[in-house]
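Structure, as structure tokens:
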Amino acid sequence: MIRDNYLDINKLIKNKKILRLFLVVKRHGGVLRFVGGAVRDALKNIEGGDLDLATDLSPDELVEACTEEGLKTVAIGIKFGTVGVIIDDSLLEVTSLRRDVKTDGRHAEVEFTDNWEEDASRRDLTINAVYADEKGNVFDYYNGIEDLEKGCVRFIGSAAQRIKEDYLRILRFFRFYSRFGVGAPDKKALAACVENREGLKNLSMERIKEELFKLLLTPKAAETIRIMQDNGIMSYVMPEAKAIDNLAFIKKLLDDKDVPDKALLYFFTLYQPDAALAENLAVRMKFSKREKQKFVRWAERKVTLAELSNELSVQKLMYETDKEFCREMFLLIIARNQEAIPYFWEKYLTINDISAPEFPLRGKDIIEQGVANPQAIGSILRELENQWLDSNFTLSKSQLLENARLFNKVS
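So for the sequence shown, numbering that gives the first Met the number 0 puts the first residue at 0; every next one is plus one.
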């Protein structure tokens with residue numbers, strides 16, 4: 000189905016210079032169209048991310064056309080038909096139309112075609128198989144626009160066949176259902192996901208983690224994860240989630256707010272791990288070094304309501320850890336203690352105004368008291384620091400030095 004001038008092209012294109020590529024492809028006998036998520040999101044008036052384009056030129060033909068026109072190309076995935084084209088310092092990914100020759104549940108062997116509907120037929124969901132040209136004409140081969148308007152997320156053709164081509168499509172189905180779905184999931188799609196869930200075992204954990212984190216950032220993530228759990232999907236990729244209600248609650252609070260590491264916070268909220276489980280999850284999920292350190296630290300350093308109940312307590316926690324950790328602890332405490340929201344959310348918003356005092360002594364101060372042994376210097380500093388903390392940061396440098404002299408005499 001072709002819908003003339005259906006889409007406001009300004010919703011797709013921020014940099015008009017990329018339209019040059021459409022002219023280049025046309026001059027060399029080809030057609031170029033936007034495809035996938037950018038088109039889908041533009042149809043829903045959602046600001047999209049990266050642009051994906053498709054062409055009926057082969058990769059070699061596209062590279063030749065760009066070279067003749069003075070455009071630089073980058074080999075991104077020539078084997079799979081994708082060429083990067085650089086225009087005005089922007090990298091555009093252009094993929095030649097394809098048909099699947101062989102699939103193994105993870106990757107596909109492809110050959111190139113000039114048939115747009117054939118290319119659309121190999122995509123996963125109807126809402127992801129809509130194309131648009133530079134004039135705003137929309138090409139919809141599988142009623143994706145109607146499904147998008149109705150909130151119906153379904154596979155193209157046979158749901159089971161689409162899933163067997165790449166089992167990650169099970170998780171993608173639930174992610175897009177959580178984002179665009181209205182009402183209950185499509186029955187045929189859900190049944191096919193359940194029937195083929197064993198195939199999830201064949202996927203790399205890196206791919207699973209990426210999809211799960213994207214799912215956690217969608218509007219109905221908690222409701223969707225419950226559906227996945229009720230239908231035995233989650234057990235094939237992760238342990239059973241323990242705190243779906245907590246996830247639903249914290250998402251209502253944070254979804255529209257700019258919070259660092261939001262997906263990681265949601266994941267922690269969902270599982271409420273102790274230190275051992277946190278370590279296990281971080282390894283299994285192939286977290287980055289930074290993600291693992293943060294995730295395990297949240298579990299190891301259990302923070303109580305009392306430690307966040309007043310400014311002095313927060314200062315002590317901040318002195319022990321850092322401001323970022325305190326900020327994260329406020330959010331995780333709120334997720335576990337919904338009744339505490341008014342007070343703790345207010346404190347969270349003002350945490351940037353709180354700072355931890357600086358311990359007034361250094362090693363040289365102890366050396367000046369006549370202590371030369373490095374071990375003794377460290378021991379005295381630790382003792383004085385504990386005294387300073389016990390005094391709620393009130394002991395002055397002179398008082399601490401006096402205590403140091405007394406401590407040195409006793410020692």
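Every residue gets a Cβ at the ideal spot worked out from N, C-alpha and C, and that includes glycine.
Computed from a predicted structure; not experimentally measured.
With a threshold of 16 other CB atoms inside 10 Å of the CB of E338, please say whether the residue is buried or exposed.
-> With fewer than 16 other Cβ atoms within 10 Å, it is exposed.
Is it the case that the Cβ atoms of E60 and G29 are separated by a distance below 8 Å?
-> Yes. Within cutoff.
In its own chain, which residues sit with a C-beta less than 6 Å from the C-beta of T81, not counting the 5 before and 5 after it?
-> Excluding sequence neighbours, T81 sits near I75, E92 and T94.
Where does D51 fall in DSSP's three states?
-> The answer is strand: DSSP assigns D51 an E or B state.
Endpoints, the beta strand (DSSP E) within which S89 is located = From DSSP, the beta strand (DSSP E) with S89 extends over S89 to S95.
Go through its chain and collect everything with a Cβ distance to K134's Cβ below 8 Å, but skip five positions before and after it.
-> The residues are N4 and I8.
Could you check the C-alpha separation between D123 and V313 for me, to the nearest Å?
-> C-alpha of D123 to C-alpha of V313: approximately 49 Å in a straight line.
Would you grab the beta carbon distance between R98 and E116 for me? Rounded to a whole angstrom, and I think it's under 8 Å.
-> Not a contact, Cβ separation roughly 11 Å.
Simplified DSSP assignment, three categories, for A131 | Looking at A131 - three-state DSSP - the assignment turns out to be strand.
Below 6 Å CB to CB, which residues in the same chain sit around L399 once its five sequence neighbours on both sides are set aside?
-> Within the same chain, L360 and L383 come within 6 Å of L399 by CB-CB distance, once the 5 residues on both sides are set aside.
Tell me whether A305 is buried or exposed, calling it buried when 16 or more other Cβ atoms sit within 10 Å of its Cβ.
-> Under a 10 Å Cβ-count criterion, A305 is classified as exposed, with fewer than 16 other Cβ atoms of the shown protein chains found around its own Cβ.
Under a Cβ-count criterion, where at least 16 other Cβ atoms within 10 Å of its own Cβ denotes burial, should E210 be classed as buried or exposed?
-> Label assigned to E210: buried.
Out of curiosity, what's the CA-to-CA distance linking L269 and A159?
-> Between L269 and A159, the C-alpha separation is close to 29 Å.
Helix, strand or coil: how does DSSP classify E222 here?
-> Helix, per DSSP.
P272 versus F111: straight-line alpha-carbon distance, rounded | One C-alpha to the other measures close to 47 Å.
For A334 versus F266, is the C-beta spacing smaller than 8 Å?
-> Annotated as distal: A334 and F266, with beta-carbon spacing of 8 Å or more.
Proximity to M328 [Cα-Cα], best of Y342, D352, W297 and I353 = Checked all of Y342, D352, W297 and I353; the closest Cα to M328 is W297.
In its own chain, which residues sit with a C-beta less than 6 Å from the C-beta of S410, not counting the 5 before and 5 after it?
-> Unreliable placement is indicated for S410, whose pLDDT of 49 sits below 50; the coordinate value is still reported in the next sentence. Hits under 6 Å: none found.
What span of residues does the alpha helix (DSSP H) with F79 cover, start to end?
-> Looking at the DSSP string, F79 is not in any alpha helix (DSSP H), and its letter there is neither H nor E.
Just list the beta strand (DSSP E) runs in the stretch 5-38, keeping only unbroken ones of 3 residues or longer that don't cross its boundaries, in chain order.
-> Those beta strand (DSSP E) runs which fall completely within the stretch 5-38 and span 3+ residues are 31-34.
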